[in-house]
Amino acid sequence: TRKGPDRPHGYEEEPWHWSYNPIARVYTQQYLEKVNYDDIAGFMGSDTAFSVGAIQHYVLGINQDCFK
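Each residue of the sequence shown is one higher than the one before, starting from 18 at the first, in this note's numbering.
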């Protein structure tokens, strides 16, 4: 979906992304269960992941129908 009030972050709209929704939904759920900010560490700039909301804005910056 297009960026807007309900989805201000994330990637630009590309309709072909929807064809991956069935498997992407599973992967996104597994990511949320297994990955946290402690896992995003050990490289230059990793200390900013939390402050910029990397998980909320870039992993979950997608239409909510894709992960709920």
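Think of the CB as a built atom: it goes at the ideal place given N, C-alpha and C, for glycine as much as any other residue.
This structure is a prediction, so every number in the text was calculated from the model and none was measured.
In this model, G59 and T65 are separated by some 12 Å (Cα to Cα). Taking a cut-off of 8 Å for Cβ pairs, the region 33 to 53 and the region 72 to 85 touch, as three or more such pairs fall below it. Under the three-state reduction of DSSP output, R19 falls in the coil class, being neither helix nor strand. H26 and Q73 have their C-alpha atoms some 9 Å from each other.
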